[in-house]
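Engineer: Using numbering that gives the first Met the number 0, you'd call the opening residue of the sequence shown number 0 and step up by one each time.
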Amino acid sequence: MMSTITQEIEQAIASLVAENKQPSTALIKARLTTSLPIPVIIKALQAWQKNAKVPHIEKQQQVLTTEQRLEQLEQQLLVLSTRLARLEADR
(Lines of atoms letter the chains of each structure in order from A and count residues from 1; the text may use other names and numbers.)
(Lines give C-alpha, C1' and ligand atoms only; values in the text may rest on other atoms or scores of the structure.)
Protein backbone atom coordinates (compact mmCIF):
# COMPACT_ATOMS: atom_id res chain seq x y z
CA MET A 1 0.00 0.00 0.00
CA MET A 2 1.27 3.43 -0.91
CA SER A 3 1.47 6.11 1.75
CA THR A 4 -0.59 9.25 1.30
CA ILE A 5 2.63 11.28 1.25
CA THR A 6 4.00 9.17 -1.62
CA GLN A 7 0.70 9.57 -3.49
CA GLU A 8 0.65 13.31 -2.88
CA ILE A 9 4.19 13.73 -4.25
CA GLU A 10 3.30 11.59 -7.29
CA GLN A 11 0.17 13.67 -7.91
CA ALA A 12 2.17 16.91 -7.64
CA ILE A 13 4.73 15.62 -10.17
CA ALA A 14 2.00 14.31 -12.49
CA SER A 15 0.15 17.64 -12.43
CA LEU A 16 3.38 19.52 -13.24
CA VAL A 17 4.17 17.15 -16.12
CA ALA A 18 0.58 17.53 -17.39
CA GLU A 19 1.16 21.31 -17.47
CA ASN A 20 4.42 20.78 -19.41
CA LYS A 21 6.42 22.07 -16.44
CA GLN A 22 9.70 20.53 -15.32
CA PRO A 23 9.14 19.22 -11.77
CA SER A 24 11.42 20.93 -9.27
CA THR A 25 11.70 20.83 -5.50
CA ALA A 26 10.04 24.25 -5.14
CA LEU A 27 7.20 23.48 -7.55
CA ILE A 28 6.48 20.15 -5.86
CA LYS A 29 6.62 21.69 -2.37
CA ALA A 30 4.22 24.45 -3.46
CA ARG A 31 1.63 21.81 -4.47
CA LEU A 32 1.83 19.68 -1.33
CA THR A 33 -0.76 20.02 1.41
CA THR A 34 1.56 18.16 3.80
CA SER A 35 4.62 20.07 4.92
CA LEU A 36 7.67 17.94 4.14
CA PRO A 37 11.35 18.63 4.73
CA ILE A 38 13.16 19.77 1.56
CA PRO A 39 15.60 16.78 1.64
CA VAL A 40 12.63 14.37 1.46
CA ILE A 41 11.24 16.16 -1.60
CA ILE A 42 14.69 16.24 -3.23
CA LYS A 43 15.12 12.50 -2.64
CA ALA A 44 11.69 11.75 -4.11
CA LEU A 45 12.32 13.98 -7.14
CA GLN A 46 15.72 12.39 -7.80
CA ALA A 47 14.19 8.90 -7.61
CA TRP A 48 11.41 9.95 -9.98
CA GLN A 49 13.92 11.44 -12.45
CA LYS A 50 15.99 8.26 -12.32
CA ASN A 51 13.26 5.64 -12.77
CA ALA A 52 9.92 7.49 -13.03
CA LYS A 53 8.89 6.26 -9.60
CA VAL A 54 8.53 8.00 -6.26
CA PRO A 55 9.88 5.91 -3.36
CA HIS A 56 7.59 4.95 -0.48
CA ILE A 57 7.70 7.76 2.08
CA GLU A 58 6.31 7.44 5.59
CA LYS A 59 5.27 10.38 7.71
CA GLN A 60 7.86 10.70 10.43
CA GLN A 61 7.22 12.50 13.64
CA GLN A 62 10.52 14.15 14.21
CA VAL A 63 11.65 16.92 16.43
CA LEU A 64 13.38 19.53 14.36
CA THR A 65 16.21 21.63 15.63
CA THR A 66 15.79 25.38 15.57
CA GLU A 67 18.23 25.51 12.65
CA GLN A 68 16.19 22.95 10.68
CA ARG A 69 12.98 24.84 11.37
CA LEU A 70 14.61 28.09 10.28
CA GLU A 71 15.87 26.44 7.08
CA GLN A 72 12.34 25.17 6.31
CA LEU A 73 10.85 28.60 6.94
CA GLU A 74 13.44 30.21 4.66
CA GLN A 75 12.59 27.69 1.92
CA GLN A 76 8.86 28.32 2.35
CA LEU A 77 9.46 32.07 2.24
CA LEU A 78 11.42 31.68 -0.99
CA VAL A 79 8.65 29.57 -2.57
CA LEU A 80 5.92 31.99 -1.48
CA SER A 81 7.89 35.06 -2.57
CA THR A 82 8.45 33.49 -5.99
CA ARG A 83 4.77 32.60 -6.35
CA LEU A 84 3.70 36.09 -5.27
CA ALA A 85 6.06 37.74 -7.75
CA ARG A 86 4.71 35.49 -10.52
CA LEU A 87 1.11 36.28 -9.60
CA GLU A 88 1.81 40.01 -9.53
CA ALA A 89 3.58 39.83 -12.89
CA ASP A 90 0.57 38.04 -14.42
CA ARG A 91 -1.83 40.83 -13.44
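Ideal Cβ placement from N, Cα and C applies to all residues, glycine included.
1) With DSSP run on the structure shown, which of helix, strand or coil describes S104?
2) Taking the alpha-carbon of R82 as reference, which of I27, P54, N19, E9 has the nearest alpha-carbon?
3) Between the Cα of K49 and those of T32, S80, P22, spot the shortest distance and give me the residue it belongs to.
4) Name the two residues that bound the continuous alpha helix (DSSP H) containing I12.
5) Contact check, I4 vs I56 under 8 Å by CB: the rounded distance?
6) Just confirm the distance between the C-beta atoms of P36 and A43, as a whole number of angstroms; I'd bet it's less than 8 Å.
7) Report the residue from I40, K52, R90, E87 whose alpha carbon sits nearest the alpha carbon of Q74.
8) For A29, which three-state DSSP category applies?
9) Less than 8 Å between the CB atoms is what I'm expecting for E7 and T24, so what's the real figure, rounded?
Structural biologist: So, from the listed chains and residues:
1) Lying outside 0 to 90, the shown extent of the chain, residue 104 is not represented and no answer is given.
2) I27
3) P22
4) 3–17
5) 5 Å
6) Not really, about 11 Å apart at Cβ, beyond 8 Å.
7) I40
8) helix
9) In fact, because the Cβ distance is near 15 Å, the residues do not count as touching under 8 Å.
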